[in-house]
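Okay, so here's the structure we're looking at.
Residue numbers (my numbering): 5 to 266.
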(Lines of atoms letter the chains of each structure in order from A and count residues from 1; the text may use other names and numbers.)
(Lines give C-alpha, C1' and ligand atoms only; values in the text may rest on other atoms or scores of the structure.)
Protein backbone atom coordinates (compact mmCIF):
# COMPACT_ATOMS: atom_id res chain seq x y z
CA UNK A 1 0.00 0.00 0.00
CA UNK A 2 1.30 3.50 -0.91
CA UNK A 3 1.10 5.78 2.13
CA UNK A 4 2.62 8.79 0.37
CA UNK A 5 0.35 11.85 0.43
CA UNK A 6 -1.15 12.95 -2.88
CA UNK A 7 0.55 15.81 -4.69
CA UNK A 8 -1.30 19.11 -4.92
CA UNK A 9 -2.30 18.66 -8.61
CA UNK A 10 -3.49 15.09 -8.02
CA UNK A 11 -5.43 16.09 -4.91
CA UNK A 12 -7.25 18.94 -6.65
CA UNK A 13 -8.16 16.64 -9.53
CA UNK A 14 -9.27 13.90 -7.12
CA UNK A 15 -11.47 16.21 -5.04
CA UNK A 16 -13.04 17.81 -8.11
CA UNK A 17 -13.88 14.38 -9.52
CA UNK A 18 -15.27 13.13 -6.21
CA UNK A 19 -17.59 16.12 -6.02
CA UNK A 20 -18.64 15.66 -9.64
CA UNK A 21 -17.53 19.15 -10.64
CA UNK A 22 -16.42 19.96 -14.18
CA UNK A 23 -13.38 22.17 -14.62
CA UNK A 24 -15.71 24.92 -15.83
CA UNK A 25 -17.91 24.72 -12.73
CA UNK A 26 -14.95 24.65 -10.36
CA UNK A 27 -13.39 27.63 -12.14
CA UNK A 28 -16.64 29.61 -11.77
CA UNK A 29 -16.94 28.64 -8.09
CA UNK A 30 -13.47 29.92 -7.16
CA UNK A 31 -13.38 32.89 -9.54
CA UNK A 32 -10.63 31.82 -11.97
CA UNK A 33 -10.50 30.75 -15.62
CA UNK A 34 -10.92 27.15 -16.76
CA UNK A 35 -7.32 27.23 -18.02
CA UNK A 36 -6.15 28.06 -14.48
CA UNK A 37 -7.93 24.97 -13.13
CA UNK A 38 -6.32 22.91 -15.89
CA UNK A 39 -2.93 24.31 -14.92
CA UNK A 40 -3.56 23.56 -11.21
CA UNK A 41 -4.30 19.94 -12.12
CA UNK A 42 -1.30 19.58 -14.44
CA UNK A 43 1.10 21.15 -11.93
CA UNK A 44 1.92 24.10 -14.18
CA UNK A 45 0.41 26.57 -11.73
CA UNK A 46 0.28 26.70 -7.93
CA UNK A 47 -2.86 28.33 -6.43
CA UNK A 48 -2.17 31.60 -4.65
CA UNK A 49 -3.28 31.93 -1.02
CA UNK A 50 -6.76 33.34 -1.72
CA UNK A 51 -7.47 30.80 -4.46
CA UNK A 52 -6.28 27.93 -2.26
CA UNK A 53 -8.65 29.11 0.49
CA UNK A 54 -11.59 29.17 -1.95
CA UNK A 55 -10.70 25.67 -3.14
CA UNK A 56 -10.82 24.45 0.47
CA UNK A 57 -14.20 26.14 0.91
CA UNK A 58 -15.65 24.55 -2.24
CA UNK A 59 -14.24 21.10 -1.42
CA UNK A 60 -14.98 21.34 2.31
CA UNK A 61 -11.40 20.34 3.13
CA UNK A 62 -10.59 22.75 5.95
CA UNK A 63 -7.10 24.06 5.17
CA UNK A 64 -5.75 21.03 3.27
CA UNK A 65 -5.33 22.72 -0.13
CA UNK A 66 -3.89 25.82 1.53
CA UNK A 67 -1.29 23.66 3.28
CA UNK A 68 -0.35 21.78 0.09
CA UNK A 69 -0.12 25.06 -1.86
CA UNK A 70 2.07 26.64 0.84
CA UNK A 71 4.42 23.64 0.74
CA UNK A 72 4.56 23.77 -3.06
CA UNK A 73 5.49 27.47 -2.98
CA UNK A 74 8.14 26.85 -0.33
CA UNK A 75 9.72 24.10 -2.42
CA UNK A 76 10.95 26.80 -4.81
CA UNK A 77 14.62 27.62 -4.32
CA UNK A 78 14.63 30.28 -1.56
CA UNK A 79 16.70 32.82 -3.46
CA UNK A 80 14.34 32.53 -6.45
CA UNK A 81 11.08 33.20 -4.55
CA UNK A 82 11.30 37.04 -4.56
CA UNK A 83 11.83 37.12 -8.32
CA UNK A 84 8.95 34.67 -8.93
CA UNK A 85 6.62 36.97 -6.99
CA UNK A 86 7.80 39.96 -9.04
CA UNK A 87 7.18 37.97 -12.25
CA UNK A 88 3.62 37.20 -11.16
CA UNK A 89 2.84 40.88 -10.59
CA UNK A 90 4.77 42.40 -13.50
CA UNK A 91 3.10 44.41 -16.24
CA UNK A 92 6.22 44.14 -18.41
CA UNK A 93 8.99 41.54 -18.49
CA UNK A 94 12.10 42.15 -20.58
CA UNK A 95 14.94 39.70 -21.00
CA UNK A 96 18.22 39.28 -22.84
CA UNK A 97 19.49 35.73 -23.38
CA UNK A 98 22.97 35.32 -24.89
CA UNK A 99 23.32 31.54 -24.55
CA UNK A 100 19.89 30.00 -23.90
CA UNK A 101 16.28 30.55 -24.89
CA UNK A 102 14.87 32.92 -22.20
CA UNK A 103 12.96 31.11 -19.46
CA UNK A 104 9.50 32.65 -20.13
CA UNK A 105 9.58 31.16 -23.64
CA UNK A 106 11.18 27.76 -23.02
CA UNK A 107 9.27 24.62 -24.00
CA UNK A 108 9.29 21.71 -21.55
CA UNK A 109 11.51 19.43 -23.71
CA UNK A 110 14.03 22.28 -23.90
CA UNK A 111 13.86 22.84 -20.13
CA UNK A 112 14.33 19.15 -19.49
CA UNK A 113 17.39 18.95 -21.75
CA UNK A 114 18.87 22.11 -20.22
CA UNK A 115 18.35 21.06 -16.58
CA UNK A 116 19.59 17.52 -17.26
CA UNK A 117 22.90 18.93 -18.46
CA UNK A 118 23.74 20.26 -14.97
CA UNK A 119 25.28 17.59 -12.69
CA UNK A 120 23.78 19.13 -9.54
CA UNK A 121 20.27 18.60 -10.94
CA UNK A 122 20.40 14.79 -10.87
CA UNK A 123 17.18 13.44 -9.40
CA UNK A 124 15.27 16.72 -9.50
CA UNK A 125 14.97 17.59 -13.19
CA UNK A 126 11.21 17.01 -13.30
CA UNK A 127 10.67 19.20 -10.22
CA UNK A 128 12.68 21.99 -11.85
CA UNK A 129 10.68 21.64 -15.08
CA UNK A 130 7.40 21.80 -13.13
CA UNK A 131 8.56 24.91 -11.24
CA UNK A 132 9.50 26.72 -14.44
CA UNK A 133 6.31 25.66 -16.23
CA UNK A 134 4.30 27.02 -13.29
CA UNK A 135 6.16 30.33 -13.51
CA UNK A 136 5.41 30.56 -17.23
CA UNK A 137 1.72 29.83 -16.73
CA UNK A 138 1.48 32.53 -14.05
CA UNK A 139 2.80 35.06 -16.58
CA UNK A 140 1.38 33.91 -19.93
CA UNK A 141 -1.97 32.41 -18.92
CA UNK A 142 -3.23 35.11 -16.59
CA UNK A 143 -5.81 37.66 -17.69
CA UNK A 144 -4.48 39.99 -18.88
CA UNK A 145 -1.07 38.43 -19.55
CA UNK A 146 2.14 40.26 -18.88
CA UNK A 147 3.76 42.01 -21.83
CA UNK A 148 6.96 40.13 -22.66
CA UNK A 149 9.88 41.42 -24.72
CA UNK A 150 12.76 38.99 -25.26
CA UNK A 151 16.02 39.44 -27.14
CA UNK A 152 17.78 36.18 -27.99
CA UNK A 153 21.27 35.76 -29.40
CA UNK A 154 21.36 33.85 -32.68
CA UNK A 155 23.84 31.52 -30.97
CA UNK A 156 21.06 30.28 -28.64
CA UNK A 157 18.85 29.36 -31.60
CA UNK A 158 21.45 26.88 -32.81
CA UNK A 159 22.24 25.04 -29.55
CA UNK A 160 20.39 21.86 -28.67
CA UNK A 161 19.32 18.44 -29.95
CA UNK A 162 17.53 18.31 -33.29
CA UNK A 163 14.02 17.36 -32.10
CA UNK A 164 14.16 19.63 -29.06
CA UNK A 165 15.16 22.66 -31.12
CA UNK A 166 12.66 21.87 -33.87
CA UNK A 167 9.90 22.04 -31.25
CA UNK A 168 11.38 25.09 -29.49
CA UNK A 169 11.97 27.16 -32.62
CA UNK A 170 8.48 26.45 -33.93
CA UNK A 171 7.09 27.71 -30.65
CA UNK A 172 9.18 30.89 -30.80
CA UNK A 173 7.93 31.61 -34.31
CA UNK A 174 4.31 31.09 -33.25
CA UNK A 175 4.26 32.88 -29.90
CA UNK A 176 5.70 36.00 -31.49
CA UNK A 177 2.28 36.50 -33.11
CA UNK A 178 0.72 37.14 -29.69
CA UNK A 179 0.10 40.86 -29.10
CA UNK A 180 1.66 40.56 -25.64
CA UNK A 181 4.89 38.86 -26.79
CA UNK A 182 7.78 40.30 -28.79
CA UNK A 183 10.69 38.08 -29.82
CA UNK A 184 13.78 39.67 -31.33
CA UNK A 185 17.12 38.17 -32.31
CA UNK A 186 20.60 39.63 -31.98
CA UNK A 187 22.31 38.16 -35.07
CA UNK A 188 25.83 36.80 -35.09
CA UNK A 189 26.54 39.40 -37.77
CA UNK A 190 26.22 42.13 -35.13
CA UNK A 191 29.66 40.99 -34.01
CA UNK A 192 32.03 43.02 -31.89
CA UNK A 193 32.04 43.59 -28.17
CA UNK A 194 28.75 44.78 -26.68
CA UNK A 195 26.95 45.07 -23.33
CA UNK A 196 25.17 41.74 -23.77
CA UNK A 197 28.39 39.78 -23.43
CA UNK A 198 28.26 40.44 -19.68
CA UNK A 199 25.53 37.82 -19.28
CA UNK A 200 21.74 37.41 -19.27
CA UNK A 201 19.43 40.14 -17.97
CA UNK A 202 15.82 39.92 -16.74
CA UNK A 203 13.83 43.09 -15.96
CA UNK A 204 10.36 43.42 -14.44
CA UNK A 205 8.23 46.57 -14.39
CA UNK A 206 5.46 46.42 -11.77
CA UNK A 207 2.07 48.15 -11.73
CA UNK A 208 3.31 50.88 -9.40
CA UNK A 209 6.14 51.70 -11.79
CA UNK A 210 8.81 50.00 -9.66
CA UNK A 211 11.48 48.19 -11.66
CA UNK A 212 13.30 45.05 -10.55
CA UNK A 213 16.07 43.01 -12.17
CA UNK A 214 17.25 39.43 -11.85
CA UNK A 215 20.71 38.10 -12.63
CA UNK A 216 21.44 34.38 -12.83
CA UNK A 217 24.67 32.44 -12.41
CA UNK A 218 25.89 28.86 -11.95
CA UNK A 219 25.01 28.74 -8.24
CA UNK A 220 22.05 31.01 -7.61
CA UNK A 221 20.37 34.15 -8.80
CA UNK A 222 20.40 37.67 -7.46
CA UNK A 223 17.48 40.10 -7.35
CA UNK A 224 18.54 43.72 -7.84
CA UNK A 225 16.13 46.36 -6.53
CA UNK A 226 18.19 49.55 -6.08
CA UNK A 227 17.43 52.25 -8.64
CA UNK A 228 21.12 52.57 -9.49
CA UNK A 229 21.66 48.86 -10.20
CA UNK A 230 18.43 48.47 -12.15
CA UNK A 231 19.16 51.66 -14.10
CA UNK A 232 22.56 50.33 -15.21
CA UNK A 233 21.03 47.03 -16.33
CA UNK A 234 18.29 48.87 -18.22
CA UNK A 235 20.94 50.87 -20.05
CA UNK A 236 22.65 47.60 -20.99
CA UNK A 237 19.34 46.13 -22.17
CA UNK A 238 18.63 49.22 -24.30
CA UNK A 239 22.09 48.97 -25.83
CA UNK A 240 21.43 45.34 -26.78
CA UNK A 241 17.96 46.28 -28.00
CA UNK A 242 19.53 48.75 -30.41
CA UNK A 243 21.56 45.96 -32.02
CA UNK A 244 18.71 43.43 -32.32
CA UNK A 245 16.79 42.77 -35.51
CA UNK A 246 13.18 43.92 -35.92
CA UNK A 247 10.52 41.41 -34.83
CA UNK A 248 9.51 40.41 -38.37
CA UNK A 249 13.11 39.92 -39.49
CA UNK A 250 13.81 38.00 -36.28
CA UNK A 251 10.93 35.65 -37.04
CA UNK A 252 12.33 35.13 -40.56
CA UNK A 253 15.68 34.13 -39.06
CA UNK A 254 14.02 31.79 -36.53
CA UNK A 255 12.12 30.11 -39.39
CA UNK A 256 15.34 29.88 -41.40
CA UNK A 257 17.07 28.06 -38.54
CA UNK A 258 13.96 25.90 -38.03
CA UNK A 259 14.11 24.84 -41.68
CA UNK A 260 17.62 23.55 -41.07
CA UNK A 261 16.06 20.95 -38.74
CA UNK A 262 13.66 19.58 -41.39
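Note that CB positions come from ideal geometry on N, CA and C, so glycine has one too.
For residue 207, does the three-state DSSP call read helix, strand or coil? strand
Apart from the five residues just before and just after residue 30, which ones in its own chain have a Cβ nearer than 6 Å to its Cβ? 20 and 41
Cα separation between residue 75 and residue 214? 29 Å
I'd like to confirm the pairing. Which residues does DSSP put opposite residue 100 in its beta bridges? 155 and 205
Since I believe residue 201 is in contact with residue 241 (beta carbons under 8 Å), could you give me their beta-carbon distance rounded to a whole number of angstroms? Contact flag wrong, Cβ pair sits at about 13 Å.
Relative to the C-alpha of residue 182, which residue among 150, 167, 68 and 192 is closest? 150
Count Cβ pairs between the region 101 to 109 and the region 165 to 176 that sit closer than 8 Å; are there 3 or more? yes
Is it right to say residue 51 is buried, meaning 16 or more other beta carbons lie within 10 angstroms of its own, or is it exposed? buried
Pick out the complete alpha helix (DSSP H) segments inside the region 113 to 199, 4 residues or longer, and give them in chain order. 129 to 144, 158 to 161 and 166 to 179
Evaluate contact between the region 142 to 159 and the region 175 to 195, counting only Cβ atoms and requiring at least three cross-stretch pairs below 8 Å. yes
Closest Cα partner of residue 58 within the set 66, 34, 44 and 73: 34
For residue 98, which option in 178, 230 and 186 has the closest C-alpha, if you only look at C-alpha atoms? 186
Please give me, in chain order, every unbroken run of the alpha helix (DSSP H) with length at least 4 that falls completely inside the region 34 to 74. 38 to 46 and 53 to 63
Name the DSSP beta bridge partners of residue 250, please? DSSP, once it has assigned bridges, lists no residue as partnering residue 250.
Taking the alpha carbon of residue 204 as the point to measure from, which residue in 244, 180 and 232 has its own alpha carbon closest? 244
Given a threshold of 16 other Cβ atoms within 10 Å of its Cβ, counted over all protein chains shown, does residue 165 qualify as buried or as exposed? exposed
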